[in-house]
Amino acid sequence: MSPTSETANGGRRLVIVESPAKAKTIKGYLGPGYVVEASVGHIRDLPSSAAEVPAKYKGEPWARLGVNVDESFQPLYVVNSDKKDQVRKLKDLLAESDELYLATDEDREGEAIAWHLREVLKPKVPVRRMVFHEITKDAIRAAVANPRELNQRLVDAQETRRILDRLYGFEVSPVLWKKVMPRLSAGRVQSVATRMVVERERERIAFRSAEYWDLTGTFAPGAGAAGEADGTAFDARLVSVDGRRVAQGRDFGADGQLKQPDQVQHLDEQASRALAAALTETEYAVRSVESRPYRRSPYAPFRTTTLQQEASRKLGMGAKPTMQVAQRLYENGFITYMRTDSTTLSDTAVRAARAQVTQLYGADYLPDRPRTYAGKVKNAQEAHEAIRPSGDRFRTPAETGLTGEQFRLYELIWKRTVASQMKDAVGQSVTVKVGGRAADGRDCEFSASGKVITFHGFLKAYVEGSDDPAADLDDRERRLPQVAEGDPLGAREISVDGHATKPPARFTEATLVKELEEREIGRPSTYASIIGTILDRGYVFKKGTALVPSFLSFAVVNLLELHFGRLVDYGFTAKMEDDLDRIAAGEAEAVPWLRRFYFGTDAADGDARPAGSPGDAADAASDPDHLGGLKALVTDLGAIDAREVSSFPVGEGVVLRVGRYGPYVEAPTDGDDDTPAKRADVPEDLPPDELTLELAKELLAKPSGDTELGTDPATGHLVVAKDGRYGPYVTEVIPEVEAARAKGGKAAKNAPKPRTASLLRSMALDTVTLDDALRLLSLPRVVGTDAEGVEITAQNGRYGPYLKKGTDSRSLTDEEQLFTVTLEEALAIYAQPKQRGRAAAKPPLKELGTDPQTERPVVVKDGRFGPYVTDGETNATLRRDDDVETITPERGYELLAEKRAKGPAKKTTKKAAAKKTATKKTAAKKTAKATTAKKTATKKTATKKTATKKSAATGAKKTAAKKTAAAKTAE
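Numbering-wise (the numbering used here), the sequence shown opens with residue 4 and increments by one.
This is the structure in structure tokens:
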């Protein structure tokens, strides 16, 4: 039955989706009788702060968790504060509807959103679950005609996952606050991802470079040293000497050293040059020619992780912007659902892809039978097919009308999908072995490999990228001359090549996604948000495309490994995913599993040791199901030495420490124990593997930049001038505070707080005096009070000097006025109308070049909220780890691409607001007329109707006016 015939009886159906963009697209396919509205994501969740916990639960010991751990781990859900108006709107729409269709995404999270909507809205009309994986007219109409019931199993699985993540995050994060630094966070997958990045950096720190040398010969058919000069020369690399293989890069381990030195010939520079000299007069011949058929099958269609990896390689897009752009393509009907672990294509998609193969490349490129890609990754999300162009006929990129990132990502998906239904690429691969005996009698063998593609097949449409820039791609050919065994060869040149082992490459977003998936950790659909989280938390920063761990992440991972070892163990984290999948499949119960995770094994079993304790590794090997309790582990923190977990030896007594104000190196002094250790700040953007002992000594040897200005006669405290991360400033030194800091602790609560003040623009660090500093430290200065007794102060702020009276601030024209402005002058300034205008545009701080996407010049500017990059249309604020001086053009383009992927910020103009208000008034009048003949069920309903009638009394008119004003304010 079609939607039109279903609504012929005048029934009204409310369809709820997650996003406004999705709602707009779907509404165009359903027509009259359907109201499509967005929930705008989740409408309720566990409380994010103590303020969101309802009053009746605030006294409960579990209230801060939002999960009643004593009563079957019952979650406490609250409607998000920013969704209350939307929930009210949905309830109003539902009250006027005859049916409710919950059309959220067809995965665990989408099923949970649908369940929350039903629980909050409490519909009294029939509820249908409407599912689809592409937003096309046929798909939407089919979904309406074939609804299903809510899948409670998926809801339970998502709830269990949410509760588990809450317990992990809310119990472990406070440990980081106490022992490392405030406002940090821990998470089931984000902590493991951070550990991976840190472990790779540890490998780089432990790495020691080694040299190895080899020889390359340039050969050509024919006898003699020159050979024939007919363009048939080819290069071959030395592979063995006297039957012993010559060491190559693959023979060296992650530490840079040979893995099995007794099994290979390790040539140094002297030995390789001597061998090359001995080979100059050698006669060479072909020892063998091995030819094998070459065949390469198409790559499977995209799933979430492979799309993220390939978008990174080919388009330079991070995981998060890739998913944002894909979301917009999906919501606007261009591609199927983008959070999927399936490589399956529907019959409709296969027919569409095969049709385009024939149309664009010819029947010769079409296989006899459709290709199938039925394999799915472990822990796969439910439902969905692969990511592909939507519809039963694929639009070519040129037909979409898309531009920018959306065009490029759609083109990538389209090419990959079409290529997946094309014939194999075929050809021949050839290996030629060349031998000769050196003047000193040593037998040397060279090897060369070639590849010739005789039929490109799917490679005509698509070639997959590589994480290794030096790797040959699948369509790369290398032709060798036609030679046969025994043919003489002439050596044109024997060259000597030196190499140095390189440390393991840092993760990029693409390779980290690949690593997480291969280790079966977390959900592929969440990888983009996980990488975004560790970047935002400051655990990782970017250097080009590489993910570099901060020193802070070293401290966090160190603490987690030492005291929560099992929680960041790769195998244990992967096993948790298996357990959650068993719960989703109905093979395990959620509550007993959560109880074991949180409370641990029963004491009656004789083993109640918490997770992460020493001995867990042995227990895990003998009893994989053994699990101690998280609660006991976070309760006893006495064994955690905050100073120890944040300290890392550099060498010769020098230690790197991670403090509350950033990383620093510390070296003991030659004096007594009471002499404070010498310290020096470490740049936060310094990659940890670059902090050598030599660099640490250089930092310690540099002047601190602190200048002692003198003693404040009023307090007796020393006043110093410093150069801080936010510019030069002056501060006072309070002995008890400094002593506490030197010992790595906090000052007593009743200790005075040092006064601090930034230097004025007219001051310089090398010329500031004690008098200048005392004047600055006297700010803010009380100027006086106005006629109503409100105090007026003169203050120096981020945007210059200003006066403040209550919440009313007025700028001063000169910094000197901070100390000279009188009460009369201040009152005169406040007597003038407040100036509201835009200052003259500042010149750019740096020019980066032309954005390859928009072809607009990109510059760095200084804005109200700090430096930002802009191409004239899009602005993107620099992140914490970005620096104006060192930011690269590529990084600027990346920030702009991320901002464009999010779309423009929504703005409501005054005209639009007025229009909305007018619409509301009209609707109110219509409602009043329509309801005058009905009886009022409650006093509240009667009052509301009376207030909207034209003939209402004066009191009702006032109420209506208040409602209108409230509506305007809300808008």
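Ideal Cβ placement from N, Cα and C applies to all residues, glycine included.
Could you name the residues of the same chain whose beta carbon sits closer than 7 Å to that of Tyr542, not counting the 5 residues immediately before and after it, in chain order? Thr197, Pro552, Ser553, Leu555, Ser556 and Val559
Buried or exposed by the 16-neighbour rule on C-beta atoms within 10 Å, applied to Ser393: buried
Through-space distance from Lys25 to Ala915, alpha-carbon basis: With a pLDDT of 47 at Ala915, under the threshold of 50, the modelled position of that residue is not reliable, and the figure given next carries that caveat. Roughly 22 Å separates the two Cα atoms.
Looking only at its chain, what residues have a beta carbon closer than 6 Å to the beta carbon of Lys426, apart from the 5 residues adjacent to it on each side? These residues qualify, in order along the chain: Tyr368, Pro370 and Gly460.
Distance cutoff 7 Å, beta carbons only. Does Ala213 sit that close to anything in chain D? You won't find chain D in this structure, because it holds only one protein chain.
Using a Cβ-Cβ cut-off of 6 Å (strictly less than) and excluding sequence neighbours within five positions of Phe173, which residues of its own chain qualify? Closer than 6 Å at the Cβ level, and outside the excluded window around Phe173, lie Leu68.
Assuming Glu388 contacts Ser450 (C-beta within less than 8 Å), just tell me the rounded distance between them. Not a contact, Cβ separation roughly 44 Å.
Below 8 Å, can you find three or more Cβ-Cβ pairs linking the region 304 to 314 to the region 526 to 545? Yes, the region 304 to 314 is in contact with the region 526 to 545.
With DSSP as the reference, label Gln856 as helix, strand or coil. coil
State yes or no: is the C-beta of Val18 within less than 7 Å of the C-beta of Tyr37? yes
Quick check: what's the CA-CA separation for Val249 versus Val486? 25 Å
For Ala377, which of Asp789, Gln359, Lys92 and Ser349 has the nearest alpha-carbon? Ser349
Mind checking whether Leu696 and Gly654 have CB atoms under 7 Å apart? yes
Kindly indicate which three-state DSSP category Ala797 falls into: helix, strand or coil? strand
Proximity winner among Glu40, Val292 and Pro304, relative to Tyr465 (alpha-carbon distances): Pro304
Terminal residues of the alpha helix (DSSP H) in which Leu49 lies: Where Leu49 is concerned, there is no enclosing alpha helix (DSSP H), given that its DSSP letter is neither H nor E.
CB-CB under 6 Å to Met326, same chain, minus the five flanking residues each way: which ones, in chain order? Ala531
Grouping DSSP H, G and I as helix and E and B as strand, with all else coil, what is Leu815? coil
Determine the DSSP secondary structure at Ala917, reduced to helix, strand or coil. Only weak support is given to the placement of Ala917: the predicted model assigns it a pLDDT of 48, under 50, and the question is left unresolved by the model.
So Leu310 is in the alpha helix (DSSP H); what residue range does that whole segment cover? Thr307 to Leu318
Sequence-distant residues of the same chain with beta carbon closer than 8 Å to Glu520, five excluded per side: Thr308, Val380, Pro527 and Tyr530
Starting from the Cα of Ala635, find the closest Cα among Glu102, Leu93, Pro57 and Tyr171 and give me that residue. Of all alpha-carbon atoms in Glu102, Leu93, Pro57 and Tyr171, the one lying nearest the alpha-carbon of Ala635 is that of Tyr171.
Specify whether the region 402 to 422 and the region 174 to 191 touch according to this definition: at least 3 beta carbon pairs, one from each stretch, less than 8 Å apart. no
Can you tell me whether DSSP reads Gly336 as helix, strand or coil? coil
Going by C-alpha to C-alpha distance, which of Tyr802, Ala790, Gly803 and Lys808 sits closest to Thr796? Lys808
Contacting residues, own chain, Cβ-Cβ under 8 Å from Gln263 (five flanking each side not counted): Asp254
By how many angstroms is the C-alpha of Glu467 removed from the C-alpha of Ala767? 56 Å
For the alpha helix (DSSP H) that contains Gly120, what are its first and last residues? Note that residue 120 is Leu in the sequence shown here, rather than Gly. Per DSSP, Leu120 belongs to the alpha helix (DSSP H) from Arg111 to Leu124.
With which residues is Ala1016 paired in a DSSP beta bridge? This structure cannot speak to residue 1016, because the chain is shown only from 4 to 974.
Since Gly453 is in the beta strand (DSSP E), which residue starts that stretch and which ends it? Asp446 to Phe458
Whether or not the region 757 to 776 and the region 712 to 729 are in contact is what I'm after, with contact meaning three or more pairs of Cβ atoms, one per stretch, closer than 8 Å; do they touch? yes
Does the Cβ of Glu21 have 16 or more other Cβ atoms within 10 Å, making it buried, or fewer, making it exposed? buried
On a Cα-Cα basis, can you pick out the residue from Leu898, Arg111 and Thr889 that is closest to Gln856? Leu898
Quick check on Asp217: does DSSP put it in helix, strand or coil? strand
Whole angstroms is fine: what's the gap from Asp874's alpha carbon to Ser452's? 47 Å
Proximal residues to Asp238 (C-beta, below 6 Å), its chain only, five neighbours per side dropped: Thr219 and Thr221
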